[in-house]
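This report refers to the structure that appears directly beneath it.
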Amino acid sequence: MPYEVQGVVARGKGKPVTLETIHVPDPGPGEAVVNVQACGVCHTDLHYREGGINDDFPFLLGHEAAGVVEAVGAGVTDVAPGDYVILNWRAVCGECRACLRGRPWYCFNTHNATQKMTLADGTVLSPALGIGAFVEKTLVASGQCTKVDPAARPAVAGLLGCGVMAGLGAAINTGGVTRGDSVAVIGCGGVGDAAILGSSVAGAGTIIAVDVDDQKLEWARGFGATHTVNSRTTDPVEAIRELTGGNGADVVIEAVGRPETYKQAFYARDLAGTVVLVGVPTPEMQLELPLLDVFGRGGSLKSSWYGDCLPSRDFPMLIGLYLQGRLNLEGFVSETISIDQVEDAFAKMERGEVLRSVVEFPAAAV
Numbered sequence: 040m041p042y043e044v045q046g047v048v049a050r051g052k053g054k055p056v057t058l059e060t061i062h063v064p065d066p067g068p069g070e071a072v073v074n075v076q077a078c079g080v081c082h083t084d085l086h087y088r089e090g091g092i093n094d095d096f097p098f099l100l101g102h103e104a105a106g107v108v109e110a111v112g113a114g115v116t117d118v119a120p121g122d123y124v125i126l127n128w129r130a131v132c133g134e135c136r137a138c139l140r141g142r143p144w145y146c147f148n149t150h151n152a153t154q155k156m157t158l159a160d161g162t163v164l165s166p167a168l169g170i171g172a173f174v175e176k177t178l179v180a181s182g183q184c185t186k187v188d189p190a191a192r193p194a195v196a197g198l199l200g201c202g203v204m205a206g207l208g209a210a211i212n213t214g215g216v217t218r219g220d221s222v223a224v225i226g227c228g229g230v231g232d233a234a235i236l237g238s239s240v241a242g243a244g245t246i247i248a249v250d251v252d253d254q255k256l257e258w259a260r261g262f263g264a265t266h267t268v269n270s271r272t273t274d275p276v277e278a279i280r281e282l283t284g285g286n287g288a289d290v291v292i293e294a295v296g297r298p299e300t301y302k303q304a305f306y307a308r309d310l311a312g313t314v315v316l317v318g319v320p321t322p323e324m325q326l327e328l329p330l331l332d333v334f335g336r337g338g339s340l341k342s343s344w345y346g347d348c349l350p351s352r353d354f355p356m357l358i359g360l361y362l363q364g365r366l367n368l369e370g371f372v373s374e375t376i377s378i379d380q381v382e383d384a385f386a387k388m389e390r391g392e393v394l395r396s397v398v399e400f401p402a403a404a405v
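If you read the sequence shown in our numbering, its first letter stands for residue 40, the second for the next number, and so on.
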């Protein structure tokens with residue numbers, strides 16, 4: 040029997056979200072229905088509400104989620120009912136040229152559930168990042184479910200589903216941060232702080248946090264930043280160079296997604312250093328750099344998609360580090376809220392009052 044549940048919907052650009060009845064079909068071949076236990080309120084969800092992703096309204100929001108598999112469709116062998124999972128939005132296909140080259144984190148044919156969730160009147164919903172998890176139950180492709188240790192609290196585990204994984208992976212996977220490196224992170228929201236945490240876990244010696252908000256810089260210290268720079272009052276390029284012996288950082292991670300801050304990252308790196316863009320720009324943004332500088336400084340300019348993660352590899356490993364007390368994922372959870380408080384959480388996010396508000400469903404309360 041199909042499921043009838045409550046979920047958070049964005050019906051139009053800039054309109055407040057609403058709590059509505061959602062129809063979730065039984066899982067078909069290759070699909071799974073998951074009982075959502077917790078879901079983080081990510082800036083990407085706000086982008087969807089504001090029409091910054093596309094205009095396929097109405098959207099079923101939410102995507103940073105953990106929960107328990109309720110049912111699976113025909114042919115599903117990778118997960119089973121009762122499995123505790125983190126949802127991911129890049130279920131690799133295993134067949135495209137990236138997968139066949141042994142680089143599945145670059146999969147060019149990731150997939151989602153084939154069937155659609157709908158409103159009570161039959162209107163088809165667009166699930167955020169192919170997940171849609173501000174809802175009691177959601178339908179996903181089975182490959183979007185990654186089994187992890189059930190000892191991990193859902194409110195914490197779910198954050199690996201998007202922003203925290205993006206930042207950790209930008210440092211560890213894309214940037215290749217290693218022992219003794221100097222790292223600068225520009226933009227200290229959830230993604231930037233995760234990049235700082237990832238750099239710290241990887242053994243970076245100097246970790247410089249850059250932001251315009253002193254509160255965010257203080258949070259960054261809690262994740263391992265050794266130095267902070269308020270770029271509202273201090274030239275961040277000069278400050279980063281000064282803190283790295285006049286050279287610039289080995290790895291600079293741009294977690295804002297703007298041309299101005301990308302240029303700062305470009306010029307704040309050491310010769311032959313690496314710039315990683317993990318902040319998401321908007322379609323109209325343009326970047327202009329002297330080509331001679333691109334050539335003359337050498338090194339690497341990289342973009343990080345979802346932290347270049349492979350969920351089946353990275354999620355269990357990172358949850359293991361968290362359960363060992365070696366990865367401060369708890370620090371990202373500013374508050375837990377109920378499903379009817381998502382609009383308020385967006386306002387807090389815009390005011391910079393929280394790193395993550397996390398929706399907890401009653402069955403997940405601990």
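Glycine included, C-beta positions come from ideal geometry on N, C-alpha and C.
Ranking A264, A248, R260, E257 by CA distance to the CA of P275 puts A248 first. Between the region 113–122 and the region 80–87 there are fewer than three C-beta pairs closer than 8 Å, too few to call the two in contact.
With a beta-carbon spacing of about 25 Å, A294 and P193 fall beyond the 8 Å limit used to define contacts.
9 Å or more divides the Cβ of Q303 from the Cβ of G391. V107 places its beta carbon 9 Å or farther from that of V131. In this structure I170 is in contact with H102, their Cβ atoms being roughly 4 Å apart against a cut-off of 8 Å.
Minimum Cα-Cα distance from K176 among the listed residues R395, T267, I378 corresponds to I378. If you look at T60, you'll find it in the beta strand (DSSP E) that goes 57–63.
In this structure S181 does not touch G67 by the C-beta definition: roughly 10 Å separates them, more than the 8 Å allowed. For D250, the closest C-alpha among the options G285, T272, E327 is that of T272. A residue is called buried when at least 16 other Cβ atoms come within 10 angstroms of its Cβ; D289 meets this threshold and is buried. Contact check for E369 against V195 passes: the beta carbons are separated by less than 9 Å. Between the alpha carbons of F147 and G208 lies a gap of roughly 18 Å. Per DSSP, R88 is one residue of the alpha helix (DSSP H) stretching across 82–88. Its chain contains P298 as the residues whose beta carbon lies nearer than 8 Å to that of E327, once the 5 sequence neighbours on both sides are disregarded; these appear in chain order. Going by beta carbons, D332 and F305 fall inside the 9 Å limit. D250 is bridged by DSSP to N269. Counted as a single uninterrupted DSSP element, the alpha helix (DSSP H) harbouring A241 occupies residues 229–241. According to the DSSP assignment, R395 belongs to the beta strand (DSSP E) that extends over 395–399.
Nearest in C-alpha terms to L366, of all of T153, G263, A386, is G263. Around the Cβ of E109, a 10 Å sphere holds 16 or more other Cβ atoms; the residue is buried. F334 is classed as exposed because its beta carbon has fewer than 16 other beta carbons within 10 Å across all chains shown. The Cβ atoms of G242 and R260 do not sit closer than 9 Å to each other. Taking 9 Å as the cut-off, the beta carbon of I292 is found no closer than this to the beta carbon of S342.
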